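Novice: For the record, in the sequence shown the residue sitting at position 53 is 669 according to the working numbering, with numbers rising by one throughout.
Built from N, CA and C at the ideal position, the CB exists for glycine as well.
As the structure is a computational prediction, the values presented were derived from the model and not from experiment.
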Amino acid sequence: MLRLFRYLHRRRRANSGESNRNNNNNRNNNRNAVALITFDVSLPLQHGYLGNDLQPMLPDASSSQTAADSAEKLIVELPYFVRCPLGVVVPGQIVPVTLHHPVDVSAMSALHRSGPAASLVAAMPRLCRFGATLRILAFKEETDDSSGLSTIKAKLIGWQRFELLSARREFDGRCTARVRLLPELTNPRLAPLPGAWHSARSNRRLNQAASPAPAWVMDSYRPSRLATEAAAELSNWCPTVADAAAKSAEDPLGFSYWLMRQLPFPDWLRSELLACEHPCRRLVACLAALRRCLGFACGGCGTRLAGRADLICLSNAGCSGAYVNPSGQVHDLVTVATVTKSSLRCRGWSSSEHSWFPGYEWRVANCRSCGKHMGWRFDRSTGQRRLQPKKFWGLCRSALSPCWVETTDETADAGSC
Ligand SMILES: [Zn+2]
617 MLRLFRYLHR
627 RRRANSGESN
637 RNNNNNRNNN
647 RNAVALITFD
657 VSLPLQHGYL
667 GNDLQPMLPD
677 ASSSQTAADS
687 AEKLIVELPY
697 FVRCPLGVVV
707 PGQIVPVTLH
717 HPVDVSAMSA
727 LHRSGPAASL
737 VAAMPRLCRF
747 GATLRILAFK
757 EETDDSSGLS
767 TIKAKLIGWQ
777 RFELLSARRE
787 FDGRCTARVR
797 LLPELTNPRL
807 APLPGAWHSA
817 RSNRRLNQAA
827 SPAPAWVMDS
837 YRPSRLATEA
847 AAELSNWCPT
857 VADAAAKSAE
867 DPLGFSYWLM
877 RQLPFPDWLR
887 SELLACEHPC
897 RRLVACLAAL
907 RRCLGFACGG
917 CGTRLAGRAD
927 LICLSNAGCS
937 GAYVNPSGQV
947 HDLVTVATVT
957 KSSLRCRGWS
967 SSEHSWFPGY
977 EWRVANCRSC
987 GKHMGWRFDR
997 STGQRRLQPK
1007 KFWGLCRSAL
1017 SPCWVETTDE
1027 TADAGSC
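Structure follows, in structure tokens:
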């Protein structure tokens, strides 16, 4: 029996050592990949394919601040675009749109005329209960002389959390959602106390003394501790994001949204995270999801596509960002350096037309097992020999399914897809 225990102990230590070596190898591979990136990561967020003549329209931050700080939960009716599903948007996320349908063009024009404080609703209202409103960042309306039809190109920004109450479609095709705008709660027992004469340490002691919760509970919700743990966990994902985590951790509310924007999680999980009223609770939930997620699989058949260490950050927005094609379909892409061998099949010819990553040509990529459209492969153009990486993949977040760690005792250490 004693020898059996020693054997199990040695095996556990060996597994642990192998896991650490794998993590270190992943980190080293990722750091090498980061060092090789010569692509200008500020370009994707500019969405230059929409044109450079969009009229800037900065949202009025003070009007939202009033609603966010109010204890009263405001109920409002806002438009949404059923022909242009945007998915669940996180506050601060930039979403480009191209609208062709006359009803959508009319609704967006009315919003533009209402001023920078006007909002619209993102998300798929019938499927997700929580989401975020959007405001207009930049706007352009074009009219075709021959047909007389108008097209709107705009850049939107995620603004404030909401809870969906109901949605309806008017007789003329306009869609309206009745939502409750959710304030950002800051529990005074968890937030720093006001006053310049308080040091951070004295604030923490006063908070702990005023709270009925034990000190270790208060400590586990401390924003700086959560930020440190998130940065450590993100080093297993993408080192660029991990380095940025430490800089973004000063403000718990902003950091919780920043972390959500980096993580390519499905809409249902984003909606659940947006339901968290306190930013520290949202951070704790994000950390739990970070620790359990091992990679991503095809949402249609479950074929393993990429591990979390395969993520590559090619945009200032992070590893995940929204882009729109000429027909108006918005795709939220996750960029990965490599995919599992023989998991995807490219179809059609390479094209640089309307490329979301300037200097790269795209090809459509489908799942080899079930044929589901998973995204695109991007190869550098012929004249861009100095551009690195040479190729990468952009996978649609809506087509992916996360691979979670198994929680059963037998596989708790190993985890599987
Ligand atoms: Zn598949």
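How many Å lie between glycine 991 and proline 974 at the Cα?
Specialist: When rounded, the distance between both Cα atoms is 17 angstroms.
Novice: Hey, phenylalanine 755 and aspartate 720: beta-carbon distance below 8 angstroms or not?
Specialist: No, the Cβ-Cβ distance between phenylalanine 755 and aspartate 720 is not below 8 angstroms.
Novice: Is cysteine 917 buried or exposed, if buried means 16 or more other CB atoms sit within 10 Å of its CB?
Specialist: It is exposed - the Cβ of cysteine 917 has fewer than 16 other Cβ atoms within 10 Å.
Novice: Give the C-beta separation of isoleucine 773 and glycine 731 to the nearest angstrom, bearing in mind that I take them to be a contact with Cβ-Cβ under 8 angstroms.
Specialist: Not really, about 15 angstroms apart at Cβ, beyond 8 angstroms.
Novice: Report the three-state DSSP secondary structure of histidine 717 (helix, strand or coil).
Specialist: Note: histidine 717 maps to coil in three-state DSSP.
Novice: Return the residue from the list Arg877, Glu977, Ala891 and Leu670 that minimises the CA-CA distance to glutamate 800.
Specialist: Answer by Cα proximity: Ala891.
Novice: Under 8 angstroms between the Cβ atoms of leucine 690 and serine 735?
Specialist: For leucine 690 and serine 735, no; Cβs fall outside 8 angstroms.
Novice: Assess contact between the stretch 873 to 885 and the stretch 1006 to 1019, defined as three or more Cβ pairs (one per stretch) separated by less than 8 angstroms. Is contact present?
Specialist: Contact holds: three or more Cβ-Cβ distances are below 8 angstroms.
Novice: Between the stretch 657 to 664 and the stretch 928 to 943, do at least 3 Cβ pairs fall closer than 8 angstroms?
Specialist: Flag = yes, the stretch 657 to 664 and the stretch 928 to 943 touch.
Novice: Please classify tryptophan 965: is it buried, with 16 or more other beta-carbons within 10 angstroms of its beta-carbon, or exposed?
Specialist: So tryptophan 965 counts as exposed.
Novice: Rounded to whole angstroms, what is the Cα-Cα separation between tyrosine 939 and leucine 702?
Specialist: The alpha-carbon atoms of tyrosine 939 and leucine 702 are separated by roughly 10 angstroms.
Novice: Mark phenylalanine 787 as exposed unless 16 or more other C-beta atoms lie within 10 angstroms of its C-beta, in which case mark it buried.
Specialist: Exposed, since its Cβ has fewer than 16 Cβ neighbours within 10 Å.
Novice: With 16 as the cutoff for other CB atoms within 10 Å, does cysteine 1019 come out buried or exposed?
Specialist: That one is buried.
Novice: If we call anything under 8 angstroms between Cβ atoms a contact, is cysteine 914 one with cysteine 986?
Specialist: Closer than 8 angstroms, so yes.
Novice: What does a CB cutoff of less than 7 angstroms around arginine 1002 pick up in its chain, not counting 5 residues either side in sequence?
Specialist: The residues are Thr654.
Novice: Quick check: the stretch 789 to 798 against the stretch 758 to 778, are at least 3 beta-carbon pairs closer than 8 angstroms?
Specialist: A contact exists between the stretch 758 to 778 and the stretch 789 to 798.
Novice: Under a Cβ-count criterion, where at least 16 other Cβ atoms within 10 Å of its own Cβ denotes burial, should arginine 699 be classed as buried or exposed?
Specialist: Exposed: under 16 other Cβ atoms inside 10 Å.
Novice: CB of threonine 749 to nearest heavy atom of ligand 3: below 7 angstroms?
Specialist: Ligand 3 is not part of the structure shown, which contains ligand 1 as its ligands.
Novice: Give me whichever residues DSSP pairs with arginine 777 in a beta bridge.
Specialist: Looking at the DSSP assignment, arginine 777 forms a beta bridge with Ala748.
Novice: What first and last residue would you give for the beta strand (DSSP E) that runs through tyrosine 665?
Specialist: Note, tyrosine 665: premise wrong, no beta strand (DSSP E); not H, not E.
Novice: Assuming valine 713 and valine 950 form a contact by the criterion Cβ under 8 angstroms, report the distance between their Cβ atoms to the nearest whole angstrom.
Specialist: Valine 713 to valine 950, Cβ: 20 angstroms. No contact.
Novice: Exposed or buried, which one is lysine 1006 when buried takes at least 16 other CB atoms within 10 Å?
Specialist: Exposed: under 16 other Cβ atoms inside 10 Å.
Novice: Helix, strand or coil, according to DSSP, for leucine 885 in the structure here?
Specialist: Helix, per DSSP.
Novice: Just mark glycine 911 as buried or exposed, buried being the case when its beta carbon has 16 or more other beta carbons within 10 Å.
Specialist: Buried: at least 16 other Cβ atoms inside 10 Å.
Novice: Would you check whether ligand 1 has a heavy atom nearer than 7 angstroms to the C-beta of threonine 767?
Specialist: No, since every heavy atom of ligand 1 falls outside the 7 angstroms radius drawn around the Cβ of threonine 767.
Novice: Measure the alpha-carbon distance for alanine 723 versus valine 980 and round it to whole angstroms.
Specialist: In a straight line, the C-alpha of alanine 723 is about 32 angstroms away from that of valine 980.
Novice: For proline 868 and threonine 998, I'd like the C-alpha separation in whole angstroms.
Specialist: Taking the straight line joining both Cα atoms gives about 44 angstroms.
Novice: Indicate the three-state DSSP secondary structure (helix, strand or coil) for valine 1021 in the structure shown.
Specialist: The answer is coil: DSSP assigns valine 1021 none of H, G, I, E or B.
Novice: Provide the residue span of the alpha helix (DSSP H) that contains methionine 876, from first to last.
Specialist: Unbroken alpha helix (DSSP H) run through methionine 876: 868 to 878.
Novice: Along the alpha helix (DSSP H) that carries proline 895, what are the first and last residues, could you check?
Specialist: Run containing proline 895: 895 to 908, per the alpha helix (DSSP H) assignment.
Novice: What do you reckon, is the C-beta of cysteine 1012 under 7 angstroms from a heavy atom of ligand 1?
Specialist: Answer for cysteine 1012: no, Cβ out of range of ligand 1.
Novice: Using the beta-carbon count (16 or more within 10 Å), is threonine 749 buried or exposed?
Specialist: Counting Cβ neighbours within 10 Å, threonine 749 comes out buried, since at least 16 surround it.
Novice: Within the same chain, show all residues whose beta-carbon is closer than 7 angstroms to that of histidine 717, passing over the 5 residues directly before and after it, in chain order.
Specialist: For histidine 717, where only same-chain residues beyond five positions count, the Cβ hits under 7 angstroms are Arg699.
Novice: Quick check on alanine 922: buried or exposed, where buried means 16 or more other Cβ atoms within 10 Å of its Cβ?
Specialist: Classification of alanine 922: buried, given that the 10 Å Cβ count is 16 or more.
Novice: Output needed for cysteine 962: all residues of its chain with C-beta closer than 6 angstroms, excluding positions within five of it in sequence on either side, in chain order.
Specialist: Taken in chain order, the residues that qualify are Arg979, Ala981 and Arg993.
Novice: Output the boundary residues of the alpha helix (DSSP H) element that contains leucine 850.
Specialist: Its alpha helix (DSSP H) spans residues 839 to 850.
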